[in-house]
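First comes the structure, then the notes that go with it.
Numbering (the UniProt record's numbering), first residue to last: 1 to 311.
The following block contains the structure:
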C-alpha cells in the first residue's frame, strides 16, 4: 500500500496511518503535563487594504540583518505587522537588541526551543557567573534580560492562529516554531513537539527532533502534514457520512527551526529558517493584497556564530 493510500484509509477511519522510514538517533519528544498555549492574532492586524503581514524566520539575535531585511521589504510600522516564527534569541551578536526592537514594533512571535531554554534560566534567577559578553551563551542572555524583556519572551504562545481569510494559504493559517502533528486538534498538540519536532511516525504519532537523512525528506513532519491535508480535504464527505469528521480542519503552517533544509514552500507549509546566524540568510514572507499575495524577501548573513564564539 502506498503512503498516500494509507493516509486516505486513515482519514476515512478518523485517524492517520502512514508508516514512515526510521530516522537515525531520534530523540522522542515526550508528552508532558504542560498545556499548549494558543493565541489568535488580532483581526485588526490582518492584511486588509494596504496592511501587510511580515512573517520572519529564525532571527537568532541578528539585529542588523533584521533591520536590513525589513528595509528591503519596505516595512512600514503604520501598516505592517511583524510575526516571528520563534528563536529570535541566541547564537547571534545582539539578542537584547532584537528583543528591544521587536518590542518597540509590537511584533508577535511564537515560542521557539531557544526561548524555551532561556526563559526558565531567567525565571530561576540563580546564575552567579559574570559574563563579559551577554550573547556568549543562553546563561549570559538570561542573566542580561531586563524584566520587560523577560516578560516579552514569556508572552509568546506555542501556537499563533492567524485566521482563515488569507487566500494565498490553504485553510487556516497557523504559526508554530517547529511543526504540528496532523490529525490532532490544536489543543491536543504537545508543547515540546511544537517547538522541537522534525520527524514524524504517524502510526504512533510520536515525533522526534532527528534530522532528515541526506537526500531524503520522507520522514519529515511537513511531508506527512501536506499528504494529510490533501486527503482530509478530498475525503471530507466520507467522514461526514460516517460521522467521523472530528479531526483538525485543514491548515497551512508557517514555521522555522529546521535550518539545514532551508526555505521550504509547500502546499500546506512554509518553512522560513534559513540559517541566518550561521552564514545563510534571513527570510521574510510578506503577505499583502488582502492576503491574496505572498512574496519572499531575503538578506545574506555572515557566520555570526563563529564571531560570537571568538569574542
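A virtual CB, placed ideally from N, CA and C, is assigned to each residue, including glycine.
Counting only residues of its own chain and dropping the five nearest sequence neighbours on each side, residue 96 has a CB closer than 7 Å to the CB of 134, 144 and 149. Residue range 159-163 is occupied by the beta strand (DSSP E) that includes residue 163. Distance between residue 162 and residue 38, taken at the CA atoms: about 11 Å.
The shortest CA-to-CA distance from residue 197 to any of 293, 230 and 222 is the one to 222. For the pair residue 121 and residue 139, the Cα-to-Cα distance works out to about 7 Å. Separation of residue 53 and residue 306 (C-alpha to C-alpha, rounded to the nearest whole angstrom) is 32 Å.
Per DSSP, reduced to three states, the secondary structure at residue 283 is strand. Distance from the CA atom of residue 104 to the CA atom of residue 44, rounded to whole angstroms, is 18 Å. Going by C-alpha positions, residue 256 is about 26 Å away from residue 146.
Ranked by how close their Cα comes to the Cα of residue 154, the residues 173, 114 and 294 have 114 in first place. In terms of Cα proximity to residue 266, the closest of 283, 229 and 300 is 229. Taking all protein chains shown into account, residue 167 has fewer than 16 neighbouring C-beta atoms within 10 Å of its C-beta and is therefore exposed.
Taking a contact as a CB-CB distance under 8 Å, the pair residue 194 and residue 184 does not count as one, their CB atoms being some 11 Å apart.
When C-alpha distances from residue 287 are compared across 82, 63 and 94, the shortest belongs to 82.
Across the structure, residue 159 and residue 87 are spaced so that their CA atoms are roughly 14 Å apart. Less than 8 Å divides the Cβ of residue 281 from the Cβ of residue 300. For the UniProt domain "Calcineurin-like phosphoesterase" (52-193), the full-length alpha helix (DSSP H) segments reaching 4 residues or more read 63-72, 95-104, 113-124, 138-144 and 147-154 along the chain. Distance from the CA atom of residue 55 to the CA atom of residue 127, rounded to whole angstroms, is 34 Å.
Close CB contacts of residue 298 within its chain, under the 6 Å cut and outside five residues either way in sequence, are with 281 and 283 (chain order).
In the DSSP assignment, residue 201 falls within the unbroken beta strand (DSSP E) covering 199-201. Rounded to whole angstroms, the gap between the alpha carbons of residue 94 and residue 174 is 28 Å. Per DSSP, reduced to three states, the secondary structure at residue 227 is helical. If the five residues before and after residue 293 are omitted, its C-beta is found closer than 8 Å to the C-beta atoms of 168 and 287, all from its own chain and listed in chain order.
With respect to the 8 Å criterion, residue 199 and residue 220 are classified as neighbours on the basis of their beta carbons. Less than 8 Å separates the beta-carbon of residue 61 from that of residue 89.
Per the coordinates, the alpha-carbon of residue 74 lies some 12 Å from the alpha-carbon of residue 66.
The three-state secondary structure of residue 266, taken from DSSP, is coil. When beta bridges are read from the DSSP output, residue 298 appears opposite 283.
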